[in-house]
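Engineer:
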Amino acid sequence: MSIPINSSKAIFPGLITREREPVNLEFAFPTLDGRITPAEQFYVRSHFPIPEIKAEEWRLSIEGEVEHPFILTFEELKQMPARTVMATLECAGNGRSKLVPKAKGLLWEQGAVGNAEWTGVPLHLLLEKAGLKAGVIEIILEGQDEGTISEEPKAPGTIVFAHSLPLDKALQEQVLIAFEMNGEPLTAIHGYPVRAIIPGWYGMASVKWLIKITATATRFHSYWQTLEYAYWKDLYGKPTLVPVTEMQVKAEIARPALQEVVAAGSIYRVTGAAWSGEQVVEQVEISTDDGQSWQPATLLEEPVRYAWQLWEFAWNVPPTPGAYQLRARATDAAGHSQPDTHEDMRRTYMVNFVAPVEVIVK
Ligand SMILES: Nc1nc2c(c(=O)[nH]1)N[C@H]1C(S)=C(S)[C@@H](COP(=O)(O)O)O[C@H]1N2
Ligand SMILES: [Mo]
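Going by UniProt numbering, the sequence shown opens with residue 1, and the numbers climb by one from there.
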């Protein structure tokens, strides 16, 4: 389909600074231009200073409840069978700026998300090589970065960035110990030389600067799964704090951007992306009348599990000037759709409620 375009060209090819030290950068989502996000435009979320690691000096230790613990060099890792997986990473706090009253934490707008092709060795191959002992229930991934937490809730002393996966997720074929992003070596801010990629899960599980993998027979309750990146879940009527895991279904509008001026009476090509967690997106709907009526958008990509799909919608812009509220809403193959409001139980994570984008028709 070819819709007359009011230019959906990249207008801002760089990243928006959310924090300078440690470096936290947001993708300017209105510049979305293609299914793959280039590394230079891929958002950066880091909790501690970026560790400088030389590939020749890098080692990965596989230890814990395993029969044969071992240490791997970068060359050895690259000699193992590798595969490439296209996967969307979204920070669990993406969209937090939409919360009222203003939330604590980095105020991401809509661009703490990106989609890339990741190449690496499936984690299960390393675990098989090590030989998991009976009783292993989780796999801990640990990065080389460390530091102190300056704001409440604080952690004691210096802590590392580490995150665990339940064994069934860790054994999935698409879970990678990755060394390439979009066919190039990882850049320093995205985890050079090696990071984990946990497709379908929010970004916090995709540990960068990976140096240690520990198999454990007990649950791991790191700072990053309890005081941070945890939300309230209803368990038999009792709120229970659980770690954030799977990404929630979401469609985001790239263009028009917030407060963009759109020509009255024109046809405007509304564009965006949609993704979910373990499921592919089946439908995206658009409302241009403040949520009263919904029409289907066209999905522009083949569904690929774990990767976002771009979509478009031809909007017959009304002749009457004024402010208009556009909304996009996705539904995935399991029938999950987006809520109308943000549940308090989610705290400031998993923000996927259908949020209006106000544009000005002139
Ligand atoms: N070692 C380490 N890994 C990390 C983080 C970190 O601070 N340290 N941040 C996590 C979070 S919260 C996200 S959203 C993703 C972001 O990956 P990116 O910076 O490559 O986009 O990395 C994850 N992996
Ligand atoms: Mo994140």
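Here a beta-carbon is modelled for each residue, glycine too, at the ideal position from N, C-alpha and C. Keep in mind it's a predicted model, so treat the numbers as computed, not measured.
Any beta-carbon of chain D closer than 8 Å to the one on Ala-273?
Structural biologist: No chain D is part of this structure, which consists of one protein chain only.
Engineer: Going along the chain, which residues of its own chain have a beta-carbon closer than 6 Å to the beta-carbon of Ile-198, five neighbours each way excluded?
Structural biologist: Val-175, Ala-205 and Ser-206
Engineer: Taking only heavy atoms of ligand 2 into account, decide whether any of them is closer than 7 Å to the Cβ of Ser-86.
Structural biologist: Inspection of the sequence shows that residue 86 is occupied by Met rather than by Ser. Checking the 7 Å criterion, the Cβ of Met-86 is out of range of every heavy atom belonging to ligand 2.
Engineer: So, using beta-carbon positions, are Trp-232 and Arg-96 closer together than 8 Å?
Structural biologist: no
Engineer: For Ser-2, which of helix, strand or coil comes out of DSSP?
Structural biologist: Annotation note: pLDDT 47 at Ser-2 (below 50); position unreliable, no value reported.
Engineer: CB-CB under 8 Å to Gly-105, same chain, minus the five flanking residues each way: which ones, in chain order?
Structural biologist: Gly-93, Arg-96 and Thr-348
Engineer: In whole angstroms, what separates the C-alpha of residue 363 from that of Pro-30?
Structural biologist: Residue 363 is absent from the model: the chain starts at 1 and stops at 362.
Engineer: Below 8 Å on the Cβ atoms is my contact criterion, and I expect Val-280 with Pro-303 to pass it. Report the Cβ-Cβ distance as a whole number of Å.
Structural biologist: 4 Å
Engineer: What is the residue span of the beta strand (DSSP E) that Trp-311 lies within?
Structural biologist: 309–316
Engineer: Could you check how far apart the C-beta atoms of Gly-143 and Leu-210 are, in whole angstroms? I think they sit under 8 Å.
Structural biologist: 6 Å
Engineer: Would you report the Cα separation of His-68 and Gly-131, rounded to the nearest angstrom?
Structural biologist: 6 Å
Engineer: If the criterion is Cβ atoms closer than 8 Å, does the pair Val-244 and Pro-256 meet it?
Structural biologist: no
Engineer: With respect to 7 Å, is the separation between the Cβ of Ala-92 and the closest non-hydrogen atom of ligand 2 below this value?
Structural biologist: yes
Engineer: Give the DSSP-derived three-state secondary structure of Pro-230 in the structure shown.
Structural biologist: Reading off the sequence shown, one finds Ala at residue 230, where the question assumed Pro. Strand, per DSSP.
Engineer: Among residues of its own chain, excluding the 5 on either side of Val-354, which ones have a beta-carbon nearer than 8 Å to its beta-carbon?
Structural biologist: Gly-291, Arg-327, Ala-328, Arg-329, Gln-338, Pro-339 and Asp-340
Engineer: Between the Cα of Leu-167 and the Cα atoms of Leu-141, Trp-315 and Lys-154, which residue gives the shortest distance?
Structural biologist: Leu-141
Engineer: What residues in its chain sit with their C-beta under 7 Å from that of Glu-282, if we drop five residues either side in the sequence?
Structural biologist: Thr-331, Asp-332 and Ala-333
Engineer: So, with DSSP's three-state summary, where would you put Glu-142?
Structural biologist: strand
Engineer: How many Å lie between Ser-2 and Glu-56 at the Cα?
Structural biologist: Only weak support is given to the placement of Ser-2: the predicted model assigns it a pLDDT of 47, under 50, and the value that follows is read from those uncertain coordinates. Answer to the nearest angstrom: the Cα atoms are 50 Å apart.
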